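Chemist: Take a look at the following structure, please.
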Amino acid sequence: MPTAIKESSPPHWLARILAVAVLAALALYIASSAKPSTLGNITEACTLAVAAVALNLLLGFNGQISIGHSTFAGLAAFTAGYSVNFWRWNPYVSLAVGLVLCFVLGLALGLPALRLKGPYLALVTLAVAFVWPTIAAKFLDKKVKASTLKGTKLQPPTWTGLTNSRPDRAVFLYWLAVVILVLAYVIVRNLRKSRIGRALVAVRDNETAAAVMGVNLKFTKTVTFGISAAIAGASGWLTAARLDRLDENSFTILNSIKYLLALFLGGAATLAGPIVGAFVYYFVDDYLKTHAPTWHWLPGPISKGPVASFLLGTIVIIFVFIAPFGLVGFIKDQVRRVFVVTPRPLKQAVASPELIEHTSDATAAESSAQD
Amino acid sequence: MGQLLQYILNGLAKGSIYSLIALGLVVIYRGTGHLNFAQGEMALFATFGAWWIHDHGVPLLFAITLAAALAFVGGGVIEFGLIRPAGKKSPFAVVVVTIGLFQALNSLSGLLFQGAGTGLPFGTLFPNKPNDFFRLPGDAIWRYENVGVLASVLAITGILFALFQKTKVGLAMRMVANNPDSAKLSGVSTTRILMLSWGISALIGAIGGALVAGINTNVNLATMFGVFLLASAAATLGGLDSPLGAVVGGLSLGVVESLVSNYPKDWWASSYVGADTSVAVAFLIILVVLLVRPAGLFGSSRVERV
């Protein structure tokens, strides 16, 4: 019998604060002790995590599948690269403008989503992801495509005490990525826990029923698409901030597939899932890419091939059967055997006294019927 | 005029391959209502299989036939072993499985076949020397290879339509597509039909993959990305549950792509319309069609009930 903890009771708050404190301490510890290359890896994992968080909002909570999120990342990355290098914009302004552009493009893509159901929508986003590199190749010349926020364009502010040397820059980009990831997480979390979040899930579970209950389908679906696109754009901006060069092949359909696999690995429709998934995906991939070629026990040329992506693809398939809500879902299930958080009781003040009595009778009868 | 005919003929050959892969998508969609994102990669794996068999001294035609037969079995196994158990969990789980399969099959090809990343030489079934063509009026030429591809695709499509319309199995397949529950009640083994659908889909995918590789005279890990994309667009255009739509969609997409690629340089907006944006223009047309007819040209729209 698991121990019940009331939501927002002191022990629950204690657990929450402890979790946040441990994560913050971990982030600080990594920033102070890790090598620049490790920090670079973590930054990259955070970049992937931001995109996965964006996709989780759309796919996990709203049930709209998008294979086009690489397009949004690409749009924000090229916007930043172009405006900072050729119009001398402030990089943060370029981030804001990139997010707005992504939001608008997301809304525009959300519009066909109103008429198209399930697979048709997936195919439209697939098409967008496929067309994007050809458009980027056509309309951006070589100089533009290669331009990113490298070097002096995105410097650590003076109050941080960091210089523009390579190790300091790595620390700065790491914190930038962590802050953006935390912001993305908080935005998605708060959306999910609010009235809008319940509307999103209602639309996912049964569109027609949600509409009957008074959810504005058009608004919900398009705006979710827009917000998700904007968050994916933040991931693209981070890519532009970190890398030395980009080109039209930096944001292809394979990136979209990577976002999806990271999300599934961690657990779609769980808040922490995309982040856990992205870190696991990135570091497993990174480890196998460097170590698999030295595994001589593998027969023939296999160890030289894409061992990592094969394993990750296979793991995602296996997870469908053994852990349908990913790593996070699996961990949650284990924790639930020990602790259960019971939700706050609903406020009943709005109804008249007789009605409350009647409802509680009905609930009692229902629960006894279930027993 | 001759030039226009020329472009249309070139487009038809490419489009016929799109319609073949699109047919594979439609066969699966009609059976289970799932979109198989791994369709292209299943075809790719089978094409590498054909290359491997051919590499061991088997004539190409037999190698492709054998690979297609193995793909038929493999498609059934995938349905039985992965898709069906996942479908019992949720429709979403099937999407995850097909996306996982996409990556797993692509990288498995890279693991098993050395040199797959850069490309392996693939023979063609049809004569493709520079002067292998028919002369048509107006200086147009029709290459034997294009004739061969178009003819074989049309033959396969014909056989499939005969299978759907004239045989008992085809009737059962149409029943399952129309209403799985009443099909089951009338004694149709839906499980067997679904395995068969996946098998057929994998089989025609394998043939399509071999035809693409033959035209490119090369097969590499990225060969099927573009083909799958255009095939899925063709299926969307025609309507995901309509085999006729897949064929019409595929052929017209091929023609549109070819015409846009050869858009005259001195015409209006020619800096935006050309070989490098042909795919974008084709997708734009499809998007417009979908906004007018959300279920595609020949697709049937369903009524939602709560």
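These protein sequence lines are chains V and Z, in that order.
Each residue of the first sequence is one higher than the one before, starting from 1209 at the first, in the working numbering.
Each residue of the second sequence is one higher than the one before, starting from 12 at the first, in the working numbering.
Here a beta-carbon is modelled for each residue, glycine too, at the ideal position from N, C-alpha and C.
All figures in this text were calculated on a predicted structure; none of them were measured in a lab.
Can the beta-carbon of Gly-1306/V be found closer than 7 Å to that of Trp-1445/V?
Modeler: Translated into positions along the first sequence, residue 1306/V becomes position 98. Translated into positions along the first sequence, residue 1445/V becomes position 237. Yes, the pair counts as a contact, with Cβ atoms nearer than the cut-off.
Chemist: On the premise that Ser-263/Z lies in contact with Phe-309/Z, defined as a C-beta separation below 8 Å, what is that separation, rounded to the nearest angstrom?
Modeler: Taking the second sequence and counting its residues from 1, one reaches residue 309/Z at position 298. Taking the second sequence and counting its residues from 1, one reaches residue 263/Z at position 252. Rounded, the Cβ-Cβ distance is 12 Å, inconsistent with contact.
Chemist: Please state whether the Cβ-Cβ distance between Leu-1263/V and Leu-1391/V is less than 7 Å.
Modeler: Position 55 of the first sequence holds residue 1263/V. Position 183 of the first sequence holds residue 1391/V. Contact: no.
Chemist: May I have a chain-ordered list of the alpha helix (DSSP H) segments no shorter than 4 residues that lie completely inside the region 132 to 192 of chain Z?
Modeler: Whole alpha helix (DSSP H) segments, 4+ residues: 155 to 177, 179 to 189.
Chemist: Below 8 Å on C-beta distance, what does Ile-1510/V contact in chain Z?
Modeler: Here residue 1510/V corresponds to residue number 302 of the first sequence, with the count starting at 1. Chain Z residues near Ile-1510/V: Leu-122, Leu-123.
Chemist: When you compare the region 1322 to 1342 of chain V with the region 1264 to 1283 of chain V, are there three or more beta-carbon pairs, one atom per stretch, that lie closer than 8 Å?
Modeler: Contact holds: three or more Cβ-Cβ distances are below 8 Å.
Chemist: Excluding sequence positions up to five away, which residues of its chain have a Cβ less than 6 Å from the Cβ of Asn-139/Z?
Modeler: In the second sequence, counting from the first residue as 1, residue 139/Z sits at position 128. Glu-156, listed in sequence order.
Chemist: So Leu-55/Z and Leu-116/Z are in contact, right, with Cβ under 8 Å, and what is the actual spacing, rounded?
Modeler: Position 44 of the second sequence holds residue 55/Z. Position 105 of the second sequence holds residue 116/Z. Right, the Cβ-Cβ distance comes to about 7 Å (below 8 Å), so this counts as a contact.
Chemist: Determine the contact status of Ala-61/Z and Ala-74/Z, defining contact as a CB-CB distance below 7 Å.
Modeler: Within the second sequence, the letter at position 50 stands for residue 61/Z. Within the second sequence, the letter at position 63 stands for residue 74/Z. Yes, these two residues count as a Cβ contact at 7 Å.
Chemist: For Lys-100/Z, which residues in chain V fall below 9 Å Cβ to Cβ?
Modeler: Position 89 of the second sequence, counting from 1, holds the residue named residue 100/Z. Those are Val-1528, Phe-1529, Pro-1532, listed as they occur along chain V.
Chemist: Going by DSSP, what residue range makes up the beta strand (DSSP E) through Val-1549/V?
Modeler: Position 341 of the first sequence, counted from the first residue, corresponds to residue 1549/V. Looking at the DSSP string, the run of the beta strand (DSSP E) that includes Val-1549/V is 1547 to 1550.
Chemist: Start and end of the alpha helix (DSSP H) containing Ile-32/Z?
Modeler: Locating residue 32/Z in the second sequence gives position 21, where the first residue counts as 1. Start and end: 13 to 43.
Chemist: Could you give the DSSP three-state label for Asn-1293/V: helix, strand or coil?
Modeler: Counting from 1 along the first sequence, the entry for residue 1293/V is found at position 85. The answer is helix: DSSP assigns Asn-1293/V an H, G or I state.
Chemist: When you compare the region 1356 to 1370 of chain V with the region 1232 to 1240 of chain V, are there three or more beta-carbon pairs, one atom per stretch, that lie closer than 8 Å?
Modeler: no
Chemist: Going along chain V, which residues have a C-beta under 8 Å from Thr-288/Z?
Modeler: Walking along the second sequence from the start, residue 288/Z turns up at place 277. Per Cβ cutoff of 8 Å: Thr-1342, Ile-1343, Lys-1346.
Chemist: State whether the region 1464 to 1479 of chain V contacts the region 1254 to 1268 of chain V, with contact taken as three or more CB pairs (one from each stretch) at a distance under 8 Å.
Modeler: yes
Chemist: Does the Cβ-Cβ distance between Gly-86/Z and Ser-269/Z come in under 7 Å?
Modeler: Translated into positions along the second sequence, residue 86/Z becomes position 75. Translated into positions along the second sequence, residue 269/Z becomes position 258. No. Outside cutoff.
Chemist: Any residues in the region 1303 to 1333 of chain V with a beta carbon nearer than 7 Å to a beta carbon of chain Z? Which ones, in chain order?
Modeler: Pro-1320, Arg-1323, Leu-1324, Pro-1327, Tyr-1328, Ala-1330, Leu-1331, Val-1332
Chemist: Rounded to the nearest angstrom, what separates Gly-285/Z and Ala-151/Z at their Cα positions?
Modeler: Position 274 of the second sequence, counting from 1, holds the residue named residue 285/Z. Position 140 of the second sequence, counting from 1, holds the residue named residue 151/Z. A straight line joining the alpha-carbon of Gly-285/Z with that of Ala-151/Z spans about 21 Å.
Chemist: Does the beta-carbon distance from Val-1528/V to Val-107/Z come in below 7 Å?
Modeler: To locate residue 1528/V, count along the first sequence from 1; it is residue 320. To locate residue 107/Z, count along the second sequence from 1; it is residue 96. Yes; because the gap between Cβ atoms is below 7 Å, this pair is in contact.
Chemist: Starting from the C-beta of Trp-1383/V, find all residues in its chain whose C-beta is less than 7 Å away, skip the five residues before and the five after it, and write them out in chain order.
Modeler: Within the first sequence, the letter at position 175 stands for residue 1383/V. Ala-1239.
Chemist: Any idea what DSSP makes of Lys-1325/V, helix, strand or coil?
Modeler: The count along the first sequence starts at 1 and reaches residue 1325/V at position 117. If DSSP states are grouped into helix, strand and coil, Lys-1325/V belongs with coil.
Chemist: Which term fits Pro-1327/V, buried or exposed, when burial requires 16 or more other beta carbons within 10 angstroms of its beta carbon?
Modeler: Within the first sequence, numbered from 1, the residue matching residue 1327/V stands at position 119. By the 10 Å Cβ count, Pro-1327/V comes out buried.
Chemist: Can you tell me the Cβ-Cβ gap for Gly-260/Z and Ala-246/Z, rounded? I've got them flagged as a contact below 8 Å.
Modeler: One-based indexing of the second sequence puts residue 260/Z at position 249. One-based indexing of the second sequence puts residue 246/Z at position 235. Right, the Cβ-Cβ distance comes to about 6 Å (below 8 Å), so this counts as a contact.
Chemist: Please go through the same chain and pick out, in chain order, the residues whose beta-carbon is closer than 7 Å to the beta-carbon of Ala-1385/V, but skip the five residues on each side of it.
Modeler: Within the first sequence, the letter at position 177 stands for residue 1385/V. Same-chain partners within the cutoff: Thr-1251, Cys-1254, Thr-1255, Leu-1446.
Chemist: Would you mind sorting Tyr-1495/V into buried or exposed? The rule is 16 or more other CB atoms within 10 Å of its CB.
Modeler: In the first sequence, the residue the question calls residue 1495/V occupies position 287. Tyr-1495/V should be labelled exposed.
Chemist: Phe-236/Z touches chain V at which residues, Cβ-Cβ below 9 Å?
Modeler: For the purposes of this step, residue 236/Z is taken as residue 225 along the second sequence, with counting starting at 1. In chain order: Phe-1338, Thr-1460, Ile-1461, Leu-1462.
Chemist: Closer than 8 Å is the cut-off here; do at least three beta carbon pairs connect the region 202 to 211 of chain Z with the region 29 to 44 of chain Z?
Modeler: By the Cβ criterion, the region 202 to 211 of chain Z is in contact with the region 29 to 44 of chain Z, since at least three pairs of Cβ atoms, one from each stretch, lie closer than 8 Å.
Chemist: Please state if the CB of Val-267/Z and the CB of Ala-293/Z are separated by a distance shorter than 7 Å.
Modeler: On the second sequence, residue 293/Z is found 282 positions in, with the first residue counted as 1. On the second sequence, residue 267/Z is found 256 positions in, with the first residue counted as 1. Result yes, Cβ atoms of Ala-293/Z and Val-267/Z sit closer than 7 Å.
Chemist: In three-state terms, what does DSSP make of Ala-1480/V?
Modeler: For the purposes of this step, residue 1480/V is identified with residue 272 of the first sequence, where counting begins at 1. Three-state result, Ala-1480/V: coil.
Chemist: Closer than 7 Å, Cβ to Cβ, to anything on chain V: give me those residues from the region 107 to 136 of chain Z, in chain order.
Modeler: Val-107, Val-108, Ile-110, Gly-111, Leu-112, Phe-113, Gln-114, Ala-115, Ser-118, Leu-119, Gly-121, Leu-122, Gln-125
Chemist: Starting from Lys-1214/V, trace the beta strand (DSSP E) both ways and give me its first and last residue.
Modeler: Walking along the first sequence from the start, residue 1214/V turns up at place 6. For Lys-1214/V, the enclosing beta strand (DSSP E) begins and ends at 1211 to 1214.
Chemist: Should Pro-141/Z be flagged as near chain V, meaning a C-beta pair shorter than 7 Å?
Modeler: Here residue 141/Z refers to the residue found at position 130 of the second sequence. With a threshold of 7 Å between beta carbons, Pro-141/Z makes no contact with chain V.
Chemist: Pop quiz: Gly-220/Z and Met-235/Z are said to be a contact at Cβ under 8 Å. What is the actual Cβ separation, rounded to whole angstroms?
Modeler: The residue labelled residue 220/Z in the question sits at position 209 within the second sequence. The residue labelled residue 235/Z in the question sits at position 224 within the second sequence. So it is a contact: roughly 6 Å between Cβ atoms.
Chemist: If you follow the alpha helix (DSSP H) that His-67/Z is in, where does it begin and where does it stop?
Modeler: Numbered from 1 along the second sequence, position 56 holds the residue referred to as residue 67/Z. Segment: none, His-67/Z is in no alpha helix (DSSP H) and carries neither H nor E.
Chemist: Can you tell me whether Asn-229/Z is helix, strand or coil according to DSSP?
Modeler: Here residue 229/Z is taken as the residue at index 218 of the second sequence, counted from 1. Strand, per DSSP.
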